[in-house]
Amino acid sequence: MQENTLPTLRESRLPKQLDNIALWVLTALIFLLPIFFIPSESAPFQFTKTLLIVLAVLSTFILFIVARLKSGTAIFSRNILFLIPWALPISYFISSLLGNTTLFSLVGQRFEVDTFGFMTVMALLLSLVSILVTTKKEILRIYFALFISFIILALFQSIRLIGGPEILSFGVFTTPVDNLLGKWNDLAIFYGLIIVLSLVSLGGLTLGKVHKLILYTALVLAILLLAVVNFFTAWLVVGLFALGFFVYIVSKGRLFWKHRMAQENDLAASKRRSIELTVATLVVLAVSIVFLVQGTALGNFFSETFNTVQLEARPSWQSTISITKETYEDNLVFGSGPNTFAKQWALFKPEGINSTLFWNIDFNSGIGFVPTSFVTTGIVGGISWIAFFIIFLYMGFRALISGPMTDRSSYYFTLSTFLSSAYLWVFSIFYLPNIVVIALAFVFTGLFIASLRSTPLYKIREVSFAENPRLGFVSVLALTLLLLASIGTLYLVGGRYVSAWYLQRGLTAFNVVGNLEIAGESVEKSINIASGDRHIRLATDISLVRLNQILSQEGVSSDELRSQFQTALTETIQGAITATEIDETNYQNWMSLGRVYQAVVPLGIDGSYSAAKRAYDRAGELNPTNPAIDLARAQLEVLNGDTEKVREHIASALEKKSNYTAAIFLLTQIEASEGNIREAISSAEAATLIDPNNPVAYFQLGILRYNQNNNGGAIEAFERAIVLNPSYSNARYFLGLSYDRVGKSSEALVQFESIEKLNPDNNEIKLIIDNLRQGRSPFADSGELANPEGRNNLPIVE
Numbered sequence: 168m169q170e171n172t173l174p175t176l177r178e179s180r181l182p183k184q185l186d187n188i189a190l191w192v193l194t195a196l197i198f199l200l201p202i203f204f205i206p207s208e209s210a211p212f213q214f215t216k217t218l219l220i221v222l223a224v225l226s227t228f229i230l231f232i233v234a235r236l237k238s239g240t241a242i243f244s245r246n247i248l249f250l251i252p253w254a255l256p257i258s259y260f261i262s263s264l265l266g267n268t269t270l271f272s273l274v275g276q277r278f279e280v281d282t283f284g285f286m287t288v289m290a291l292l293l294s295l296v297s298i299l300v301t302t303k304k305e306i307l308r309i310y311f312a313l314f315i316s317f318i319i320l321a322l323f324q325s326i327r328l329i330g331g332p333e334i335l336s337f338g339v340f341t342t343p344v345d346n347l348l349g350k351w352n353d354l355a356i357f358y359g360l361i362i363v364l365s366l367v368s369l370g371g372l373t374l375g376k377v378h379k380l381i382l383y384t385a386l387v388l389a390i391l392l393l394a395v396v397n398f399f400t401a402w403l404v405v406g407l408f409a410l411g412f413f414v415y416i417v418s419k420g421r422l423f424w425k426h427r428m429a430q431e432n433d434l435a436a437s438k439r440r441s442i443e444l445t446v447a448t449l450v451v452l453a454v455s456i457v458f459l460v461q462g463t464a465l466g467n468f469f470s471e472t473f474n475t476v477q478l479e480a481r482p483s484w485q486s487t488i489s490i491t492k493e494t495y496e497d498n499l500v501f502g503s504g505p506n507t508f509a510k511q512w513a514l515f516k517p518e519g520i521n522s523t524l525f526w527n528i529d530f531n532s533g534i535g536f537v538p539t540s541f542v543t544t545g546i547v548g549g550i551s552w553i554a555f556f557i558i559f560l561y562m563g564f565r566a567l568i569s570g571p572m573t574d575r576s577s578y579y580f581t582l583s584t585f586l587s588s589a590y591l592w593v594f595s596i597f598y599l600p601n602i603v604v605i606a607l608a609f610v611f612t613g614l615f616i617a618s619l620r621s622t623p624l625y626k627i628r629e630v631s632f633a634e635n636p637r638l639g640f641v642s643v644l645a646l647t648l649l650l651l652a653s654i655g656t657l658y659l660v661g662g663r664y665v666s667a668w669y670l671q672r673g674l675t676a677f678n679v680v681g682n683l684e685i686a687g688e689s690v691e692k693s694i695n696i697a698s699g700d701r702h703i704r705l706a707t708d709i710s711l712v713r714l715n716q717i718l719s720q721e722g723v724s725s726d727e728l729r730s731q732f733q734t735a736l737t738e739t740i741q742g743a744i745t746a747t748e749i750d751e752t753n754y755q756n757w758m759s760l761g762r763v764y765q766a767v768v769p770l771g772i773d774g775s776y777s778a779a780k781r782a783y784d785r786a787g788e789l790n791p792t793n794p795a796i797d798l799a800r801a802q803l804e805v806l807n808g809d810t811e812k813v814r815e816h817i818a819s820a821l822e823k824k825s826n827y828t829a830a831i832f833l834l835t836q837i838e839a840s841e842g843n844i845r846e847a848i849s850s851a852e853a854a855t856l857i858d859p860n861n862p863v864a865y866f867q868l869g870i871l872r873y874n875q876n877n878n879g880g881a882i883e884a885f886e887r888a889i890v891l892n893p894s895y896s897n898a899r900y901f902l903g904l905s906y907d908r909v910g911k912s913s914e915a916l917v918q919f920e921s922i923e924k925l926n927p928d929n930n931e932i933k934l935i936i937d938n939l940r941q942g943r944s945p946f947a948d949s950g951e952l953a954n955p956e957g958r959n960n961l962p963i964v965e
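Just so it is clear: in the sequence shown, position 793 is 960 by the numbering used here, and no numbers are missing.
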């Protein structure tokens, strides 16, 4: 076998050309994936990368199919590592069919990573890479593309870190942690991958001075950028890799190849490379240990220097295992269905979560990508993953330790692809990497299989169906169906992307700009292209605002007003009902329907109260531990005039979340409306004595005193609440108003400026700040915003 050639079966010219084009498409994908984005606020960032992957993989597959039809042959591998990944989409498919939301599990709304469609594309990506990559030069080309992409990404991020987030923002990268690849920690994983590849390449390739300098530069740059991100898990995995690599270097003596005889100058060069690589590996290991031990202090330094603050929340191992156990009670074999972890979280959210900042977050995944699959695809999906990892590790150790490989370059490619794959798969278990990292894990696994072509471990078979009429008919039919399926999938995903584009545009227009016309038009287009319950919920929210606008019209006859309102109300109700029909297991759809009916209860519309109650009850069944649902029930009973039930629901909400400020706020309103403020104040004062470190108790006391115009007492209570919780925006809000009441406008301004830092998108806070700076009252020219203590909801959503 030649040094740069792996065994190949491609002979026909046209099929070979098509295969080459297909491989170039995959190479372009690997280059673009870490850095590709569309500079528009309407472009869904994650879905854009998903679209790129689907477009590239299916285009490659189409070229591959056409090449097979032209050559009259079918190519497939009999390597078990090639076959076992297909157990994943098979288990996902069966689980999708058996679940309650089949379409959502098959393709999702945005081709999410936990869907059958995405998993099929990943298995196809692995297979295509392993078949199309036939030479060492092609693997090097892919490595080169990845390193160039890293350099672009590193330069982009370095410029923004040094120059500030305003530089190269393109209107979408607004904070220092925003980047081309994905989440902030995903950057760390990618930098770690470059460190792994650089070290292995420095030891396994015969490099000139220029190439060696480039690799060392990439290594140093990746270490520095990883230090800025300072992701603990990344440092741990990189450190373990460096430790294992160092032990391997020392124990082997000579790197990566097994020579029976070697010339003296070759041995000398080998020793120099060994010393250089040993030093580089020890440096990586030492830096990793430093950041593992002193990571908090160093992380604070880099965070303060570059203002790179990020909060990322995900369920713990304990929570994920708890959700898995609860799910297996009823769905042991095939789980709850792909892409349904959020619903299981709503049903079985562990105790104690409601006391944290993340009590109202519907987590879409567990602690990691693979553990999530154990919940959604059950034992079958879990066994598929376990079998895949066992076979992957078995093939790797067999090829690297006990295999017959004696060619140094072949050993390098096998080692580099295996270690890179293993590195990325670790994060799929212990973290929630984004689509870039997951796709690269499948790519490197495919490259690992391709690197085994020079060994007996790689078994490929080429079947000619041109000379066998029966086999030919079946093969051509199957390939044609796959071709049509690929084209159909491209159309499906493309349509969903355009729909997501319009949905994002509508969301921005509604929440940020406040333009209902653009928001409504955009959401309507989104629904017409690819309808989903998420789209309809946004349309319902827009319609509710329009209903209020219709009622507030002036100069319109009562008959016309009634006609407009009835038409709009009918459309709004029908839309909300449609969302529940699309997915009746999503509690948010029932909450949306409940809000629609609740909005018209004050108008005395027959059946609105009972319909709202039924919707909230159904939402409570699907999310039994969420206190926000109890609060919604309480607010409904306020409109119905049943104070006893209001108190019952508030008590239920506080039982689930004792520090639920919104429920306490509503309770103080009830006490005030019934003239029980003195008794309520006495109870609140007693609560602060019993639990003096509870900021919510002081907030309740402050609100009661504020309603009684006891401004000094209110200030004292709110100040204590802020001391206990400096991020308590609602306490700062009413403290600022209390300061303004006693003439301390400068102190009031300080409080609202602090709130703005915590809630930069709140327009009400911006208005109050402008008024205070102009020496006016906080609610000058604010209309309905005045008297916040009388509202149904808190001024700041926390």
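Where a beta carbon is used, it is the ideal one built from N, C-alpha and C, also for glycine.
Please read these numbers as outputs of a predicted model, since none were measured by experiment.
- Short of 6 Å from the beta carbon of L295, and not among the five residues preceding or following it, lie these beta carbons of its own chain, in chain order: T227.
- In the three-state DSSP reduction, F564 falls in the helix class (H, G or I).
- By a beta-carbon distance limit of 8 Å, V603 contacts K216. Their separation comes to about 6 Å.
- Collapsing the DSSP output to three states places F203 in coil.
- For A241, the enclosing beta strand (DSSP E) covers residues T240 to S244.
- With contacts defined by Cβ atoms closer than 8 Å, A830 and V813 do not form a contacting pair.
- Only buried fits N352, as 16 or more other CB atoms lie within 10 angstroms of its CB.
- The C-alpha of I744 is placed about 17 Å away from the C-alpha of I772.
- Excluding the 5 residues flanking it on each side, I520 has same chain C-beta neighbours closer than 7 Å at W526, in chain order.
- A direct Cα-Cα distance of roughly 7 Å separates I229 from S653.
- Contact check between the stretch 251-271 and the stretch 548-557: three or more CB pairs, one atom from each, fall below 8 Å, which counts as touching.
- Residue nearest to R729 within the set I717, N531, I740 and I232 is I717 (criterion: CA-CA distance).
- For V630, the uninterrupted beta strand (DSSP E) segment begins and ends at I627 to S631.
- If you look at I963, you'll find it isn't in any alpha helix (DSSP H); DSSP assigns it neither H nor E.
- For S263, the enclosing alpha helix (DSSP H) stretches over residues A254 to L265.
- Taking R235 as reference, the option from F278, L185 and A195 with the minimal CA-CA separation is L185.
- Cα atoms of F412 and Y590: separation of roughly 13 Å, rounded to the nearest angstrom.
- Counting along the chain, the unbroken alpha helix (DSSP H) around R713 starts and ends at D700 to L718.
- Secondary structure note for A851: its alpha helix (DSSP H) is the uninterrupted segment I844 to I857.
- Across the set T739, P962 and F594, the C-alpha of F594 shows the shortest separation from the C-alpha of A401.
- D574: not part of any alpha helix (DSSP H); DSSP gives it neither H nor E.
- Residues of the same chain with their beta carbon placed closer than 6 Å to that of F468 are lacking, with the five preceding and five following residues left out of the count.
- With a beta-carbon spacing of about 17 Å, I220 and V300 fall beyond the 8 Å limit used to define contacts.
- Closest in C-alpha terms to K692, from the list R663, T752, D928 and Y827, comes R663.
- With contacts defined by Cβ atoms closer than 8 Å, I205 and L347 do not form a contacting pair.
- If you ignore the 5 residues before and after P962, its C-beta comes within less than 6 Å of the C-beta of Y900 and P955, all in its own chain and listed in chain order.
- Exposed is the label assigned to A480, since fewer than 16 other Cβ atoms lie within 10 Å of its Cβ.
- Around the beta-carbon of N790, 16 or more other beta-carbon atoms lie within 10 Å, marking it buried.
- Sequence-distant partners of A290 (beyond 5 residues in either direction) whose C-beta falls short of 8 Å from its own C-beta, in its chain, are P252, W253, L255, P256 and F609.
- In the structure shown, E721 adopts coil according to DSSP, grouped into three states.
- A contact between stretches requires three or more CB pairs, one per stretch, nearer than 8 Å, and the stretch 898-912 meets this requirement with the stretch 865-880.
- Judged by their CB atoms, I703 and A645 are not nearer to each other than the 8 Å cut-off.
- Taking C-beta atoms under 8 Å as the contact rule, L465 and F458 qualify, at a distance of about 6 Å.
- The Cβ-Cβ distance between E629 and I242 falls below 8 Å.
- In this structure, the beta-carbon distance from I709 to L683 falls below 8 Å.
- For Q802, the enclosing alpha helix (DSSP H) starts and ends at P794 to N807.
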